[in-house]
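Undergrad:
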Amino acid sequence: MAFVGIAILGVVGVFAYLQQPVFGELPSSERLARIEHSPNHADGVFRNQIDTPMKTTDQSELSMWMETLFGEKGQPRPPGAIPA
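First residue of the sequence shown: 352, per my numbering; consecutive thereafter.
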């Protein structure tokens, strides 16, 4: 029972933290009207002016994950001290 209480307290805490102004808010009145009149705004969403593909290669998603996780790492550490 204590675990459930702690979990609920954690969820409430995260929710309260995410309500801070730094995380933004939904646009209202004047700002919303300005957004809706933007040439990039159509059908309730923004559209890129230039088509931007989600994938830039013909490689399958599985092979990309395999390469990322298990492929050659190159040189992960510098050969010498970095001057500071």
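We put the beta carbon where it would ideally sit given N, CA and C, even for glycine.
It should be emphasised that the depicted structure is a prediction, and the values quoted were computed from it without experimental measurement.
When the Cα atoms are used, what is the spatial distance from R398 to H388?
TA: Roughly 13 Å between the two C-alpha positions.
Undergrad: For the alpha helix (DSSP H) that S414 lies in, which residues bound it at each end?
TA: Unbroken alpha helix (DSSP H) run through S414: E412 to F421.
Undergrad: Can you tell me where the alpha helix (DSSP H) with L360 in it begins and where it stops?
TA: Taken as a continuous stretch (DSSP letters only), the alpha helix (DSSP H) holding L360 covers A353 to L369.
Undergrad: Straight-line CA distance for G356 to V362?
TA: About 10 Å.
Undergrad: Below 8 Å on the Cβ atoms is my contact criterion, and I expect I386 with H392 to pass it. Report the Cβ-Cβ distance as a whole number of Å.
TA: The pair is a contact, with the Cβ atoms about 6 Å apart (cut-off 8 Å).
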